[in-house]
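Novice: Chains A and B supply the protein sequences, listed in that same order. FYI, this note's numbering numbers position 144 of the first sequence as 144, with every residue one higher than the one before it. With positions in the second sequence counted from 1, the corresponding number in this note's numbering is that position plus 1000.
Number of protein chains: 2
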Amino acid sequence: MSITVVGSVAFDSIETPAGRQERCLGGAATHFSLAASFFTDVRVIAVVGEDFGVAQESVFHARGIDTRGIERAEGKSFFWEGSYLESFNEAKTHNTELNVFATFEPKIPDAYRDSKFLFLANIDPVLQRRVRDSFPQARMVAGDTMNYWIKDHRSALLEMLKGLDVLLINDTETRMLAGNNNLVQAARAVLAMGPHTLIVKHGEYGATAFFSKRSFAGSDVVRPPFRVPALPLEEVVDPTGAGDSFAGGFFGYLAAQREITPPAFRRAMFYGSVMGSFAVERFGTERMQKLTRPEIDDRFKLFRELTHLD
Amino acid sequence: MSITVVGSVAFDSIETPAGRQERCLGGAATHFSLAASFFTDVRVIAVVGEDFGVAQESVFHARGIDTRGIERAEGKSFFWEGSYLESFNEAKTHNTELNVFATFEPKIPDAYRDSKFLFLANIDPVLQRRVRDSFPQARMVAGDTMNYWIKDHRSALLEMLKGLDVLLINDTETRMLAGNNNLVQAARAVLAMGPHTLIVKHGEYGATAFFSKRSFAGSDVVRPPFRVPALPLEEVVDPTGAGDSFAGGFFGYLAAQREITPPAFRRAMFYGSVMGSFAVERFGTERMQKLTRPEIDDRFKLFRELTHLD
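(1) Rounded C-beta distance between glutamine 1056 (chain B) and leucine 1025 (chain B)? I'm assuming under 8 Å.
(2) Would DSSP call aspartate 144 (chain A) helix, strand or coil?
(3) In its own chain, which residues sit with a C-beta less than 7 Å from the C-beta of isoleucine 1296 (chain B), not counting the 5 before and 5 after it?
(4) So with Cβ pairs under 7 Å, would you call proline 125 (chain A) a contact of chain B?
(5) Is glycine 203 (chain A) helix, strand or coil by DSSP?
(6) Could you give the uninterrupted runs of the alpha helix (DSSP H) lying entirely in the segment 230-292 of chain A, keeping only those of 4 residues or more?
(7) Checking contacts by CB at 7 Å: is valine 184 (chain A) closer than that to chain B?
(8) If you check the beta carbons only, do lysine 1162 (chain B) and arginine 1139 (chain B) fall under 7 Å apart?
(9) Strictly under 7 Å for the Cβ-Cβ distance: is tyrosine 1205 (chain B) near chain A by that measure?
(10) Check whether chain A comes within 7 Å of proline 1136 (chain B), counting only Cβ atoms and requiring the distance to be less than that.
(11) In chain order, what residues of the same chain have a beta carbon less than 6 Å from the beta carbon of leucine 1118 (chain B), not counting five sequence neighbours either side?
(12) At what residues does the alpha helix (DSSP H) containing alanine 1098 (chain B) begin and finish?
(13) Let me know if leucine 1085 (chain B) comes out buried or exposed under the rule of 16 or more other beta-carbons within 10 Å of its beta-carbon.
(14) Looking only at DSSP bridge pairs, what is alanine 46 (chain A) linked to?
(15) Could you confirm whether any beta carbon from chain B is found closer than 7 Å to the beta carbon of leucine 98 (chain A)?
(16) Return helix, strand or coil for threonine 1040 (chain B), following the three-state DSSP convention.
(17) Closest to leucine 1127 (chain B) by CA distance: which of B:Glu1286, B:Ser1008, B:Val1280 is it?
(18) Are there three or more Cβ pairs, one per stretch, closer than 8 Å when the segment 301-310 of chain A is compared with the segment 1255-1269 of chain B?
(19) Opposite phenylalanine 78 (chain A) in the DSSP bridges: which residues?
(20) So with Cβ pairs under 7 Å, would you call proline 956 (chain B) a contact of chain A?
(21) For alanine 10 (chain A) and asparagine 1147 (chain B), what's the separation of their Cα atoms in angstroms?
(22) What does DSSP give as the partner residues of arginine 1020 (chain B) in its beta bridges?
(23) Decide if arginine 20 (chain A) is buried, meaning its Cβ has at least 16 other Cβ atoms within 10 Å, or exposed.
(24) What does aspartate 310 (chain A) reach in chain B if we use C-beta pairs closer than 7 Å?
(25) Please list, in chain order, the residues of the segment 214-232 of chain A that have any C-beta partner in chain B closer than 7 Å.
(26) Expressed to the nearest angstrom, what Euclidean distance is found between the alpha-carbon atoms of lysine 1151 (chain B) and leucine 1120 (chain B)?
(27) Beta strand (DSSP E) containing leucine 167 (chain A): first to last residue?
(28) Using beta carbons (cut-off 7 Å, strictly below), is leucine 1306 (chain B) in contact with chain A?
(29) Using the three-state DSSP reduction, which class does serine 155 (chain A) fall into: helix, strand or coil?
(30) Could you compute how far the alpha carbon of phenylalanine 104 (chain A) sits from the alpha carbon of serine 245 (chain A)?
(31) In whole angstroms, give me the CA-to-CA distance for glutamate 240 (chain A) and glycine 1252 (chain B).
(32) For threonine 1208 (chain B), return the contacting residues in chain A, with the cut-off set at a CB-CB distance below 7 Å.
(33) Any Cβ of chain B within less than 7 Å of the Cβ of arginine 299 (chain A)?
(34) Which two residues bound the contiguous beta strand (DSSP E) that contains leucine 118 (chain A)?
(35) Within the 7 Å Cβ cut-off, does arginine 266 (chain A) reach chain B?
(36) Report the option in B:Pro1263, B:Gly1249, B:Thr1292, B:Glu1305 whose CA atom is closest to the CA atom of valine 1042 (chain B).
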């Protein structure tokens, strides 16, 4: 089934120990939708400026992504400049220009409204909530957020969380949101805020899913957590978008399943980690643009070998 | 088959967010041998002072551990005082008194010499090498080290590494030893120093094994890395000895196998992580003293559920 994603489509200038790239195509909705497009149909809601041209749009179209929800506005697209010179786990932001994103009002094409899967990438929780409410029939709603919203927009964020099934955030964000340094206790606190499933992303160490009673409809059993590793990589070129690619692989795979069972959920976590491992191999969206399904399947097998006893 | 371990037997005063405990029984050889004792016979080489009495010795004897190699010397046992108030991943050392350990000369009981598995816990690499050379018939030799030896005793350490089959160290130590921040590249550099297998411990995120061509005798295939998670724990009381308990579970399980195959190695990694997860539940050796084999088997199943697709 199709996924609608709302979030940023942007240009990123990025410096890492592997080099520097100016104005790559980026943004959470971009990375998410490219990764998800290998598994299901994807529709994007975003805003871009006049600098977003045919070259950028064709990256989406080459993967069959519906861009009718990408609004063109006067001015420039969202721009981010950052570096990962000391650590791949944390970006240093040098410059953020919101540009057309500052006044973003998500507009949902009628053709998108039958999407049963909705992904709210990291944007203002007020907007996330508004989009969520436009999809009352959604079967599953997942989303992301960041430290800025957790610290300074807490009440809007808590309101948004009530409408989520699955929240994907990192270790630091989980601890900050819960006000608790123990990950298991913090996860329980976050699950009480709304989402029935929490996926905590650990960067180079993978991710852990925590479940509540409501995680799998019709089941009274609370599942133990599930951990997926990340691939130990010989060379990381650019970690930007790794988390969004994880989310895209995870949610894309889930949306393509007839039924969301615990085993399907586990495989989805593996596909998330697989897509994250590809994303970091090149700057921006380069690797995703050239990726093929057989490469994905091969890496899925490698992930199994990396973790399984038999 | 039996394991001989050389390393510290000590007293630790430890402060964590869970409380403070004075003069717990500790030391790398203690934590290692208790964990390994659930899988095979263990023999300890160490030195203790006059403060090591019947109460401490009975902790070893209750688990059937051979203490004939624990030398009694005049003076006090090795003492360490530390805290984990800011992070469970890194201890802050407040006081270290080497005491009888300052002049430790490992003495190997004749009854130990037929051990085919040898573990060189974290001590002066000159002593590690000396003990290693006393076991020319060893089938497998594993060992640990720390930043102090890597930084200030590099040539002795490199000499010691030539005699190791398996090295177990953490992320920071791996990067420091190799002088390379990329874990995969650093692992390759370390494998070129002697050990055919490197296990990198990631604290709360588990551990990764890296293999060279010589990892599994008779096989020409270089195995891809293998990752085992750690258990997300509701409450961590005291992380002291978690790494040594991991090593004990891992090496104890391996020593009990007829043949060291890749699947046996993977199970050994899981048992290592299982034993580490128990060790941190109480201060010092408390949890290991009360642990039972059925509890170990139950947790092994939980680890499988935590990571496996099917």
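Where is the CB? At the ideal position from N, CA and C, for every residue including glycine.
Specialist: According to the data block:
(1) 5 Å
(2) strand
(3) Phe1038, Val1274
(4) no
(5) helix
(6) 242-255, 262-279, 286-290
(7) yes
(8) no
(9) yes
(10) no
(11) Thr1004, Phe1135, Ala1138, Val1141
(12) The sequence shown places leucine at residue 1098 (chain B), not alanine. Looking at the DSSP string, leucine 1098 (chain B) is not in any alpha helix (DSSP H), and its letter there is neither H nor E.
(13) exposed
(14) A:Ile70
(15) no
(16) coil
(17) B:Ser1008
(18) yes
(19) A:Ala10
(20) Beyond the ends of chain B as shown, which are 1001 and 1310, falls residue 956 (chain B); an answer cannot be given.
(21) 43 Å
(22) B:Glu1015
(23) exposed
(24) Pro1263
(25) Pro224, Pro225, Phe226, Arg227, Pro229, Pro232
(26) 19 Å
(27) 166-170
(28) yes
(29) helix
(30) 23 Å
(31) Reading the sequence as shown, one finds threonine at residue 240 (chain A) and not glutamate. C-alpha separation (whole angstroms): 42 Å.
(32) Pro232
(33) no
(34) 117-120
(35) yes
(36) B:Gly1249
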